[in-house]
Amino acid sequence: MASALDTLAEDVQETLKRLSRATEAVVIADALSEKKAAEMAARPIMREARGKISILRAEVRRTQDQVTRAQYENVCRDADELVRSLDAEMKRQIYPQRPAPRAKTYTERKEEELLGVGGSDGKGFKDSEQVLQAAVNVQNDALLSLGRAERLQHMTEESGRETHQTLHRQATEIYQIDEELQNLQGGLDRVSREVKWFYRQLAGDRCFVSLFGICVVALAVLVFVMLYKKRHK
């Protein structure tokens, strides 16, 4: 079994070598027609290689030895990857991928819109009417831009006036609040003075009451003494 697998694997490798040379012929060809002709010559070799790889894979699946089976499964996998790589290379040679065109900027789109067929360099103009129309388009666009600038300036001035009025109103409100705080401070000062005067008056009244109480007590003691003396005569 190992001898049969070796024979099939060698046959696959030989076919892959012929396919690689056929792909190289596609790559080195100069004209597109030559590349297509070389690619058509390589297609039968590619189909032959894929068929022989399928035969080898089927034979490998019937192998009972796990080590031998794993070895030739890797051979089949590598052969498949090489065939796909060569196929992709031939397609790139025949159908090269073109880079996507760069997206136009706003300025470029605006120039095409205004200048029309003339283009940015003016080489596309065929008569004076086209030139005149492009000039009119440019002038109209300039007027529109000027109008937008004036409106923006007007909006900016309006916003500035509103901001100034708001700041003036806020300053007036702050001034009024400051006056009210000053009036409140004056009222607090007057209340403080009145409270101090009240305490002074209260202190004086307490002294008078104390003296009056002392006199009343002394008078009561005097009356008590006089009454006591009269009873003991």
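The sequence shown begins at 823 in our numbering and counts up one residue at a time.
Beta carbons: idealized from backbone N, C-alpha and C, even for Gly.
Just so we're clear, the structure is a prediction, and the values are computed from it rather than from any experiment.
Item, Value
"The ligand FAD heavy atom lying under 7 Å from the CB of Arg-931", "As presented, the structure is devoid of all ligands, the ligand FAD included, so that no description of it is given."
"Beta-carbon proximity check, Cys-898 vs Ile-875, cutoff 8 Å", "yes"
"Status (buried if at least 16 other CB within 10 Å, exposed otherwise) for Thr-929", "exposed"
"Tyr-894 beta carbon less than 8 Å from that of Leu-827", "yes"
"Between the CA atoms of Ala-844 and Arg-879 - distance to the nearest angstrom", "24 Å"
"Opening and closing residue of the alpha helix (DSSP H) in which Thr-890 lies", "888 to 916"
"Collapsed DSSP secondary structure at Met-823 in the structure displayed", "In this prediction, Met-823 has a pLDDT of 49, which is less than 50 and means its spatial position is unreliable; what the coordinates show is noted afterwards. Looking at Met-823 - three-state DSSP - the assignment turns out to be coil, as it is neither helix nor strand."
"CB contact flag (Val-848, Ala-864, <8 Å)", "yes"
"N- and C-terminal bounds of the alpha helix (DSSP H) containing Arg-924", "No alpha helix (DSSP H) holds Arg-924; DSSP gives it neither H nor E."
"Buried/exposed call for Ile-867, threshold 16 Cβ in 10 Å", "buried"
"Beta-carbon contacts of Gln-961 that lie in its chain and below 7 Å, excluding the five residues immediately before and after", "none"
"Reduced DSSP secondary structure (H/G/I, E/B, other) of Thr-994", "helix"
"CA nearest to the CA of Ser-907, picked from Leu-841, Lys-858, Arg-884, Glu-1001", "Leu-841"
"Through-space distance from Gln-1007 to Leu-989, alpha-carbon basis", "27 Å"
"Per-residue DSSP class, three states only, for Phe-1046", "helix"
"Pairwise C-alpha distance: Asp-963 and Thr-994", "46 Å"
"Limits of the unbroken alpha helix (DSSP H) element including Lys-857", "854 to 883"
"Nearest-angstrom Cα separation, counted from Met-912 out to Glu-846", "9 Å"
"Top-ranked residue by Cα proximity to Lys-858, from Thr-985, Asp-1000, Asp-909", "Asp-909"
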